[in-house]
C-alpha cells in the first residue's frame, strides 16, 4: 500500500522559550484510504500534529511528505489542495455569508471557473444533505448543520486527505452521530484518507487504526480493538474509555469474570443478557 | 441593533430587487447629488414623483420607508426650525430678537424637510431591496479601478463581508456573556452614568478575548482552505448588468436634464 502521509522525526515547539517540545520526534506513516484516529487529552499535541501535516505551523526539525511530495514553503499551496480540514468550532470556520457562499470559498481561492464552481457546490451540498439550505445564513443553522457545510466545503475541493480536528466535540449527540456517519461514508464509500482527532473514544473505535499522543509523543499505535483492552492505562493518560469498556472494568473490580476482548455496546449488551440468563 | 443592521432587507422579486447592486449603489449616490439641484416647487414635485415611482416598483409598503425617517426626525426638525427662524428675505411675518420668520424662510424649511425625506427614502430603498452581501460585492466591483493605485479593494470587501457575517454571532455571544455576568451579580443599565460605564467592562473584556480567538480560528480555517490573498481568486456570485439597470440609468439622465431645465 502507498503511504499518503509520511512524517519523519518531526519536532515542534510553540515558543523558543519552552523547554519541552510540543511535538517530539514524531514518526508516522498513513496509508492511502486509511482511517486513522488520533486520541490524547487536552494539550497533548494532537491538534498541533494535524496543523503540521497541513503546513499551518512550521516544524523545528523533521520532514513531512504528502502524497510523495515534501512539504516546503514552495510546495505548501499545492499540498494544501490535497488536504481538507474540518475544525472544532462550527462558527469560527464559516467564512461565507450564506451556505453556498461558504462552500464556494475554497473554490474561489483556487480560481475555479464559475460554472464549475456552481456544479461542485451543488454536488457537495447534496452529499451532506444540505441542498435545501443553500441560501441560509449561518445564524439560521445548528452546529451540526454548520459542520456539514464545512464538510461540503472540503468535499467541493476534492482533496485526498480529510482531517477532522475535534469536529464533533462541540455538537449535540444527534449532530455528533450525523457527522460520524458522514466521516464513515467519506472514508468507506468515497475513498478519502481520513484522520480524525478526537476526545471521543466512540468515534475513535470506528477507525482502522488509533494512535495515542501524550506529551507530544506517540505512545501507542494499534487497532482500536487492541487499544481499548488497555482500559486502565487509557484512563491514566486522561482519556475517556467507551462506556462498555468502563462498565467492564467496574465489573472486573467486583470480581466478575469477563472475556478479555474488546466489546462494543451491542456485544456488551448481548454478553450481559447471556450471563444474566445463565445465573 | 440586530434589526437595524441586518433585518432591513426585505425579500422580494420586484424590478428594484432584481437590479444590479452596482447600479443601485451608484444611482443612490447619484440621487443624493442631484437632490441638491432642486430649488423650487417644480423640481421638488418632480423628484418626489420619481421617488414614489421607485417605491411603488419595489413592492414594499410605504410604512417601511416612513420607519426609516423616524430615527432622524429630531435632526430633521432641528434643521427645519433653523431654516424657518434664521432665514432672511421676503415678507416678514414675525420678528423677535435674532429670530425672524419670513415667507422665504418657511419655503426653505419645507424644502429642507423634503430633501432629507427624499434622501432617506432613496437610501432605505437600497438597503430594503439589497442584501448586505450584495452591497459589499457591488462596492468591490465599483471600486475595482482603485486597485490600480494600490488600494486593497478586494481585502476591504472581504473584511466587510466577514464583519457582516459575524454581527449576529457576536450578538449571541454578548447576550451569553451578559447573562453570565448577571449571574455573578453585575447590574447592567442601572445606577448613575459612571456605574453604567463600569458595568460594561466585564462585558467588553471577555467579548474582546473571544473575538481574538475567533479571528485566529477563522484565519487558520481560511488558510487551510487555500486563501492566500485576492490574487487569482474567482467569484462565486455574479452581478449582471441587465436591461432594468440601463433603463434606470436613462431615467436618471432624463431626470437630471429636467431638473436643470426646471430649476430657477
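Residue numbers (UniProt numbering), protein chains in the order written: chain P, 1 to 279; chain U, 1 to 264. Note that CB positions come from ideal geometry on N, CA and C, so glycine has one too. Quick caveat, the model's predicted, so the values are computed rather than measured.
- Counting only residues of its own chain and dropping the five nearest sequence neighbours on each side, residue 208 (chain P) has a CB closer than 6 Å to the CB of 34 and 35.
- 217, 218, 220, 221, 222, 223, 224, 225, 226, 227, 228, 232, 233, 234 and 235: these are the residues of the region 215 to 235 of chain U whose beta carbon lies less than 7 Å from some beta carbon of chain P, given in chain order.
- Taking a 10 Å sphere around the C-beta of residue 273 (chain P), we find fewer than 16 other C-beta atoms and assign the residue as exposed.
- With at least 16 other beta carbons inside 10 angstroms of its own, residue 165 (chain P) counts as buried.
- For chain U, the residues of the region 55 to 68 of chain P that bring a beta carbon within less than 8 Å of one of its beta carbons are 56, in chain order.
- Look at residue 87 (chain P) here: in three-state DSSP terms it is coil, with no helix or strand label.
- Residue 147 (chain P) counts as buried, since at least 16 other C-beta atoms from the protein chains shown sit within 10 angstroms of its C-beta.
- Taking 9 Å as the threshold, the shortest C-beta distance from residue 45 (chain P) to chain U does not fall below it.
- Among the residues of chain U, none has a CB under 7 Å from the CB of residue 278 (chain P); the nearest is roughly 52 Å distant.
- Here residue 76 (chain P) is actually not in contact with residue 220 (chain U); their C-beta atoms are around 14 Å apart, not less than 8 Å.
- Near chain U, meaning a CB-to-CB distance below 7 Å, the residues of the region 70 to 86 of chain P are 77, 80, 81 and 85.
- Ranked by Cα distance from residue 216 (chain U), the options P:94, P:169, P:37 and P:210 are led by P:94.
- If you draw a straight line from the Cα of residue 42 (chain U) to the Cα of residue 264 (chain U), it comes to about 10 Å.
- Within the region 190 to 206 of chain P, contact with chain U at the beta-carbon level (separation under 8 Å) is assigned to no residue.
- Only those residues of the region 110 to 135 of chain P whose C-beta falls short of 8 Å from the nearest C-beta of chain U are listed: 110, 111, 112, 113, 114, 117, 118 and 121.
- Taking 8 Å as the Cβ-Cβ cut-off, the region 3 to 32 of chain P has no residue approaching chain U.
- Along the region 82 to 134 of chain U, the alpha helix (DSSP H) occurs as fully enclosed runs of 4 or more residues at 103 to 129, listed in sequence order.
- The alpha-carbon separation between residue 200 (chain U) and residue 184 (chain U) amounts to approximately 14 Å.
- In the DSSP assignment, residue 209 (chain P) falls within the unbroken beta strand (DSSP E) covering 209 to 214.
- In this structure, the straight-line span from the alpha carbon of residue 58 (chain U) to that of residue 135 (chain U) is close to 17 Å.
- If the five residues before and after residue 72 (chain U) are omitted, its C-beta is found closer than 8 Å to the C-beta atoms of 116 and 120, all from its own chain and listed in chain order.
- Below the 7 Å Cβ cutoff, chain U contributes 133, 161, 164 and 165 as neighbours of residue 97 (chain P), in chain order.
- Residue 162 (chain P) sits in a strand when the DSSP states are folded into three classes.
- Within the same chain, and ignoring the five residues on either side of residue 51 (chain U) in sequence, the residues whose Cβ sits closer than 7 Å to its Cβ are 118, 121 and 122.
- Contact between residue 201 (chain P) and residue 39 (chain P) holds, since their C-beta atoms are separated by about 7 Å, short of 8 Å.
- Assigned with DSSP and collapsed to three states, residue 202 (chain P) falls in helix.
- C-alpha of residue 168 (chain P) to C-alpha of residue 47 (chain P): approximately 14 Å in a straight line.
- Counting only runs that start and end inside the region 56 to 139 of chain P, the alpha helix (DSSP H) elements of at least 4 residues fall at 76 to 80, 99 to 109 and 114 to 127.
- Ranked by Cα distance from residue 144 (chain P), the first of P:177, P:23, P:158 and P:153 is P:177.
- Contact between the region 84 to 100 of chain U and the region 263 to 272 of chain P is not established, with fewer than three Cβ pairs separated by less than 8 Å.
- In the three-state reduction of the DSSP assignment, residue 217 (chain P) falls in the strand class, which pools E and B.
- Membership of residue 15 (chain U) in any alpha helix (DSSP H) is not indicated, and neither H nor E is assigned to it by DSSP.
- Counting along the chain, residue 11 (chain P) sits inside the beta strand (DSSP E) bounded by residues 3 to 12.
- At least 9 Å separates the beta-carbon of residue 193 (chain P) from that of residue 218 (chain P).
- Beyond the five residues adjoining it in sequence on each side, residue 28 (chain U) comes within less than 8 Å, by CB distance, of 122, 123, 125 and 126 in the same chain, given in chain order.
- In the three-state reduction of the DSSP assignment, residue 187 (chain P) falls in the helix class, which pools H, G and I.
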